[in-house]
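Q: So the sequences go chain by chain: R and F.
Numbering-wise (my numbering), the first sequence opens with residue 32 and increments by one.
Numbering-wise (my numbering), the second sequence opens with residue 92 and increments by one.
Don't be surprised by glycine CBs; every beta carbon is placed ideally from N, CA and C.
As the structure is a prediction and not an experimental result, all values here were calculated from the model.
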Amino acid sequence: MWTELKTLLWLQWKLTRAMFRSRRLNEKLRVLGLIFRVISLLFTFPMFIVMGIGVAVGLILLSPRAAYEAVMIANTGLFFIWLLLPASANSQMVERFEMSRLFPHPISFRSLVVGSTAVSMLTMTGFWTIPLLIGEVIGLTYHQPLAFLLIALGALPAFAVLVLTGRIMDDVFDLVAGDRRLRALALTLFTLPFMFCWLGQYIFQYADWEQNPFLQSLETASGPGEILEMLGISSLLIWVPMAWPTAGMSLAVSGQWGLALLFLALSVVGVALLLRVHAGITRRLMQGAALSIGTQRVRSRKWRVRLPGPPALWAVFRKDWLYLLRSPMPRRLIFSSIIMVAATALPAMRGFAENDVSPVLERLIPLLVGAFILTMAGMAINMGLTANYFGTIDREGFATLASSPLKCWLVLLSANLAALLYASLHVSAISLVIAILTGSWAILPLGICLGLCLQIGSTPAYNLAAIIGPYRAQLKFSRGTRQRGNAWGMLAWVVSAPPVLALILLPYIFWKPGLVITIPAAIVYSLGLYVLTLKPLGRLLQRREHAILEAVTTQE
Amino acid sequence: MRENSTAIQTHTLTRRYGDLTAVDRLDLAVPQGVIFGFLGPNGAGKSTTINMLTSLLPPTAGTATVAGFDIKEEPLEVKRRIGTMPEDLSLYERLTASEHIELVGRLHGLDHAEIERRIPPLLDLLELEDSADKMILDYSHGMRKKTALACALIHAPEILFLDEPFEGIDPISTKAIKEVLRDMVAQRGTTVFFSTHVMELAERFCDQVGIINKGQLAGVGSIAELRQRADLPDDAPLEDVFIRTVGAEVEDEGLLGWLTGRENVD
Numbered sequence: 032m033w034t035e036l037k038t039l040l041w042l043q044w045k046l047t048r049a050m051f052r053s054r055r056l057n058e059k060l061r062v063l064g065l066i067f068r069v070i071s072l073l074f075t076f077p078m079f080i081v082m083g084i085g086v087a088v089g090l091i092l093l094s095p096r097a098a099y100e101a102v103m104i105a106n107t108g109l110f111f112i113w114l115l116l117p118a119s120a121n122s123q124m125v126e127r128f129e130m131s132r133l134f135p136h137p138i139s140f141r142s143l144v145v146g147s148t149a150v151s152m153l154t155m156t157g158f159w160t161i162p163l164l165i166g167e168v169i170g171l172t173y174h175q176p177l178a179f180l181l182i183a184l185g186a187l188p189a190f191a192v193l194v195l196t197g198r199i200m201d202d203v204f205d206l207v208a209g210d211r212r213l214r215a216l217a218l219t220l221f222t223l224p225f226m227f228c229w230l231g232q233y234i235f236q237y238a239d240w241e242q243n244p245f246l247q248s249l250e251t252a253s254g255p256g257e258i259l260e261m262l263g264i265s266s267l268l269i270w271v272p273m274a275w276p277t278a279g280m281s282l283a284v285s286g287q288w289g290l291a292l293l294f295l296a297l298s299v300v301g302v303a304l305l306l307r308v309h310a311g312i313t314r315r316l317m318q319g320a321a322l323s324i325g326t327q328r329v330r331s332r333k334w335r336v337r338l339p340g341p342p343a344l345w346a347v348f349r350k351d352w353l354y355l356l357r358s359p360m361p362r363r364l365i366f367s368s369i370i371m372v373a374a375t376a377l378p379a380m381r382g383f384a385e386n387d388v389s390p391v392l393e394r395l396i397p398l399l400v401g402a403f404i405l406t407m408a409g410m411a412i413n414m415g416l417t418a419n420y421f422g423t424i425d426r427e428g429f430a431t432l433a434s435s436p437l438k439c440w441l442v443l444l445s446a447n448l449a450a451l452l453y454a455s456l457h458v459s460a461i462s463l464v465i466a467i468l469t470g471s472w473a474i475l476p477l478g479i480c481l482g483l484c485l486q487i488g489s490t491p492a493y494n495l496a497a498i499i500g501p502y503r504a505q506l507k508f509s510r511g512t513r514q515r516g517n518a519w520g521m522l523a524w525v526v527s528a529p530p531v532l533a534l535i536l537l538p539y540i541f542w543k544p545g546l547v548i549t550i551p552a553a554i555v556y557s558l559g560l561y562v563l564t565l566k567p568l569g570r571l572l573q574r575r576e577h578a579i580l581e582a583v584t585t586q587e
Numbered sequence: 092m093r094e095n096s097t098a099i100q101t102h103t104l105t106r107r108y109g110d111l112t113a114v115d116r117l118d119l120a121v122p123q124g125v126i127f128g129f130l131g132p133n134g135a136g137k138s139t140t141i142n143m144l145t146s147l148l149p150p151t152a153g154t155a156t157v158a159g160f161d162i163k164e165e166p167l168e169v170k171r172r173i174g175t176m177p178e179d180l181s182l183y184e185r186l187t188a189s190e191h192i193e194l195v196g197r198l199h200g201l202d203h204a205e206i207e208r209r210i211p212p213l214l215d216l217l218e219l220e221d222s223a224d225k226m227i228l229d230y231s232h233g234m235r236k237k238t239a240l241a242c243a244l245i246h247a248p249e250i251l252f253l254d255e256p257f258e259g260i261d262p263i264s265t266k267a268i269k270e271v272l273r274d275m276v277a278q279r280g281t282t283v284f285f286s287t288h289v290m291e292l293a294e295r296f297c298d299q300v301g302i303i304n305k306g307q308l309a310g311v312g313s314i315a316e317l318r319q320r321a322d323l324p325d326d327a328p329l330e331d332v333f334i335r336t337v338g339a340e341v342e343d344e345g346l347l348g349w350l351t352g353r354e355n356v357d
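(1) Give me the chain F residues within the contact set of T107 of chain R, using Cβ-Cβ distance strictly less than 7 Å, ordered along the chain.
(2) Assign A274 of chain F to buried or exposed, taking buried as 16 or more other Cβ atoms, counted over all protein chains shown, within 10 Å of its Cβ.
(3) Just to check my reading of the structure: L568 of chain R and P491 of chain R have Cβ atoms closer than 8 Å, yes? What is that Cβ distance to the nearest angstrom?
(4) If we ignore side chains and look at the alpha-carbon of each, how far apart do E587 of chain R and P544 of chain R end up?
(5) What are the boundary residues of the alpha helix (DSSP H) that includes D331 of chain F?
(6) Going by Cα to Cα distance, which pick from R:M410, R:W440, R:G482 is closest to I498 of chain R?
(7) Just the Cα atoms here: how many angstroms apart are A346 of chain R and A460 of chain R?
(8) Say whether chain F places a C-beta atom closer than 8 Å to the C-beta of H136 of chain R.
(9) So with Cβ pairs under 8 Å, would you call S30 of chain R a contact of chain F?
(10) Roughly how many angstroms separate the alpha carbons of L65 of chain R and S222 of chain F, rounded to a whole number?
(11) Run through the DSSP bridge pairs and tell me what R349 of chain R is partnered with.
(12) Starting from L262 of chain R, follow the alpha helix (DSSP H) in both directions and report where the run begins and ends.
(13) Can you pull the DSSP bridge partners for D254 of chain F?
(14) Which parts of the stretch 134-216 of chain R are runs of the beta strand (DSSP E), unbroken and 3 residues or longer, counting only runs that do not cross its ends?
(15) Do L297 of chain R and M103 of chain R have their CB atoms nearer than 8 Å?
(16) Residues bridged to G200 of chain F by DSSP?
(17) Have a look at H246 of chain F and L36 of chain R and give me their C-alpha separation to the nearest angstrom.
(18) In angstroms, rounded to a whole number, what distance separates the CA positions of Y183 of chain F and I535 of chain R?
(19) For G354 of chain R, does the three-state DSSP call read helix, strand or coil?
(20) Please state whether DSSP places Q319 of chain F in a helix, a strand or coil.
(21) Leaving out the 5 sequence neighbours to the left and right, which residues in its chain are closer than 8 Å to H232 of chain F when beta-carbon positions are compared?
(22) Kindly indicate which residue of R:S368, R:A433, R:F421 has the alpha-carbon position closest to the one of A454 of chain R.
(23) Can the beta-carbon of L395 of chain R be found less than 8 Å from the beta-carbon of I258 of chain R?
(24) Counting contacts by CB-CB distance shorter than 8 Å, is V283 of chain F in contact with chain R?
(25) By DSSP, does L130 of chain F sit in helix, in strand, or in coil?
(26) By the criterion of Cβ-Cβ separation under 7 Å, what are the contact partners of Y183 of chain F in chain R?
(27) G401 of chain R and I474 of chain R - do their beta-carbons sit closer together than 8 Å?
(28) Is there a Cβ of chain R sitting closer than 8 Å to that of E164 of chain F, yes or no?
(29) Can you name the residues of chain R whose CB is closer than 8 Å to the CB of E190 of chain F?
(30) Quickly, what does DSSP pair T156 of chain F with across the bridge? List them, please.
(31) Spatial neighbours of S146 of chain F within its chain, please: C-beta separation below 7 Å, excluding the five flanking residues on both sides.
(32) Going along the chain, which residues of its own chain have a beta-carbon closer than 6 Å to the beta-carbon of D322 of chain F, five neighbours each way excluded?
(33) Near S281 of chain R, what residues of its chain come up, given a Cβ to Cβ distance below 6 Å and the 5 sequence neighbours on each side ignored?
(34) Relative to the alpha-carbon of T238 of chain F, which residue among F:E249, F:P262, F:R320, F:I210 has its alpha-carbon at the smallest distance?
(35) For the beta strand (DSSP E) containing M176 of chain F, name the first residue and the last one.
(36) Buried or exposed for N133 of chain F, please, with buried defined as at least 16 other CB atoms from any protein chain shown within 10 angstroms of its CB.
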């Protein structure tokens with residue numbers, strides 16, 4: 032087993048070291064890139080140590096009770112970071128240690144379970160977690176030096192819970208990697224904790240500070256330590272598995288030795304359970320669970336409608352529409368819109384009902400809320416469908432179009448029409464829901480108009496983003512293409528959305544009759560911008576065909 | 092290898108995915124020291140069979156032994172004795188070919204000096220020496236295949252499982268690899284089990300072939316035996332034997348007249 036473990040650690044070392052390998056052909060650029068990476072690491076590691084020292088000093092400055100609360104919050108944050116990091120940041124920097132690639136070779140189950148856990152510790156996340164935990168141990172020990180052993184012992188299961196959580200997430204991704212639908216579902220589920228945190232802020236934002244004596248008392252708190260003590264969030268966080276070892280290491284500080292020991296014992300049981308889950312998934316993977324993921328049959332209807340225009344355009348449009356419907360992206364967009372409406376429209380409604388709002392604000396708030404949701408939804412649709420054209424709609428299949436005599440602007444037009452058709456349904460549904468929730472029916476036509484203008488007017492910028500920064504979101508090393516693609520998409524939004532928003536929102540706020548002119552102007556602006564840019568973008572797409580294909584297919 | 096002259100033995104080996112039976116009651120015996128070609132149309136169950144025989148996928152029913160070890164009960168013993176080149180290649184893309192081969196050598200318990208001794212001739216054989224220090228990420232499909240093949244060979248296995256091994260590999264390397272495999276079979280008694288669609292390759296390279304169709308074994312034996320069973324003359328190409336054995340019917344070419352031009356000629 033030791034030889035196998037050594038080999039697995041050697042493998043992780045090689046994969047981590049490969050982070051410094053550059054694919055640049057230019058020798059000077061390669062050396063520059065290497066220097067940049069070394070410098071960034073030289074800054075990063077001392078920064079982790081500084082963070083650890085900061086945690087220790089911060090805890091020393093707090094009261095024992097507040098220190099306990101602070102450690103509980105910090106460790107819960109760490110827990111969520113470990114929960115999500117395998118899916119995003121880690122795999123962007125270092126190639127994932129995919130256990131399934133080792134299965135053809137003679138490596139025992141025990142070695143794989145232990146080795147993969149050890150490998151999870153030796154990641155960047157692991158490296159910066161250790162100084163933070165050491166800082167916590169020092170800070171807590173200051174308040175109760177006698178509890179040093181208990182605190183240090185508690186830090187071990189705390190680290191183990193974090194590492195195993197990250198490991199299990201990695202396992203789950205290995206398990207679902209072969210199935211796009213399951214992968215999308217997993218990603219959605221993992222964003223839920225953050226969604227809830229986002230929604231949670233409204234509890235504070237809309238709480239009635241003046242009526243609630245507890246919230247009023249918070250205003251009298253003398254400092255952050257006292258606020259932490261008064262809030263007592265630990266009583267809620269104790270339900271998160273990470274809180275058990277945290278309580279084990281920090282309750283002794285406030286003299287609750289028995290309870291600390293109890294939580295320490297509970298955390299050891301928790302670690303054992305997590306290890307068991309990891310072992311269970313590893314066994315399932317070794318038994319071919321990832322290979323056994325089934326196939327899905329889909330309905331394929333004949334397309335009998337004859338539409339005006341080039342038949343090749345409608346042939347591609349049919350493909351794009353089918354591809355879009357069979358992609359998990361629309362379901363993700365619907366899910367995020369539901370969350371957004373719940374997080375924005377509902378609190379706005381409550382604000383209406385309970386506060387004395389001036390008639391002007393009463394008229395404006397539904398539109399502003401609607402505009403915000405529609406802008407965000409439009410951005411999500413365009414980021415998911417238009418800027419991510421080579422991820423959602425055309426992947427490596429783009430090679431088929433590239434090798435056909437079809438003009439590239441028709442390829443773009445088809446994809447944009449498919450996205451527009453989806454966006455019009457999505458935007459109409461959102462506008463209807465907001466109109467019902469706020470009781471402001473003017474939102475419906477205005478919202479649809481705003482949503483469609485944003486979609487059409489923004490499309491050229493997102494098309495440009497897709498052509499310049501093509502990427503595919505995958506759960507594996509992708510050489511930063513995903514971030515690059517996202518950055519281009521964001522830039523596209525900044526450039527394209529404000530004129531449309533200004534043309535529709537400003538007249539509504541300041542001079543309603545002006546809408547008669549500005550709405551057609553917004554439509555003309557959007558359509559004009561689209562029509563004027565379509566062919567140049569098509570030519571750009573043609574010029575970049577090879578680079579795009581390389582970017583999309585080499586990730587396979 | 093346990094005392095047994097049969098390298099691979101399956102008994103009603105079955106694999107189902109929901110309603111789909113990918114491999115259906117496969118009974119197969121591959122003797123030691125032969126090159127065995129596993130032929131079948133696309134989706135016939137070749138890769139699923141190889142995945143089961145290499146202990147990557149447990150069978151739904153039936154049993155199989157490889158090198159005398161049960162694939163389900165003793166998967167590690169099986170993996171120690173085999174070399175595999177799976178369909179998806181399963182390579183770490185940020186490693187170089189040398190590093191990847193070293194990884195597999197280490198996993199098979201070879202010491203560092205032995206690995207160092209074996210890697211250069213393997214790279215030379217597969218014409219990878221010039222690219223040995225490049226990341227696999229930058230390799231073409233053929234080069235990735237060669238790397239996976241080198242990984243399958245580094246520990247000189249008793250049985251080799253190769254899924255479409257020569258697809259995408261240049262003719263010079265193909266010839267060199269075939270010669271090495273033949274030597275392994277003749278000198279060391281290695282068994283080579285490989286799947287392919289290329290009938291000419293199977294005809295010239297294999298001692299025995301098995302034909303699988305819709306998950307069921309349609310025929311097994313030497314090519315001469317299969318010809319005889321299919322009632323075909325001694326000089327009939329394997330392609331005809333294959334088509335006759337799987338019971339496939341060639342499409343009426345009249346329907347493809349628009350493509351072949353045959354209807355115009357007639």
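A: Quick answer:
(1) In chain order: nothing, as chain F lies at least about 33 Å away.
(2) The question names Ala, but residue 274 of chain F is Asp in the sequence shown. That one is exposed.
(3) Yes, L568 of chain R and P491 of chain R are in contact; Cβ-Cβ is about 6 Å, under 8 Å.
(4) Reliability fails at E587 of chain R, whose pLDDT of 41 lies under 50, so the model's placement of it is uncertain and the value that follows must be treated cautiously. Distance between the alpha carbons of E587 of chain R and P544 of chain R: 55 Å.
(5) Note, D331 of chain F: alpha helix (DSSP H), 329-337.
(6) R:W440
(7) If you take the alpha carbons of A346 of chain R and A460 of chain R, they lie about 28 Å apart.
(8) yes
(9) Since the first residue of chain R shown is 32 and the last is 587, residue 30 of chain R is not available in this structure.
(10) Distance between the alpha carbons of L65 of chain R and S222 of chain F: 21 Å.
(11) DSSP output for R349 of chain R lists no bridge partner at all.
(12) Run containing L262 of chain R: 255-262, per the alpha helix (DSSP H) assignment.
(13) F:S286
(14) none
(15) no
(16) None; G200 of chain F has no bridge partner.
(17) 19 Å
(18) 52 Å
(19) According to the sequence shown, residue 354 of chain R is Tyr rather than Gly. Three-state result, Y354 of chain R: helix.
(20) helix
(21) G259
(22) R:S368
(23) Not in contact: L395 of chain R and I258 of chain R (Cβ atoms no closer than 8 Å).
(24) no
(25) strand
(26) L46, E126, R132
(27) yes
(28) no
(29) For E190 of chain F, the chain R residues whose C-beta falls within less than 8 Å of its own C-beta are K45, listed in chain order.
(30) F:Q100, F:D161
(31) I162, P166, V169, K170
(32) The answer is none, since no qualifying residue turns up.
(33) Y99, V102, L171
(34) F:I210
(35) 173-176
(36) exposed
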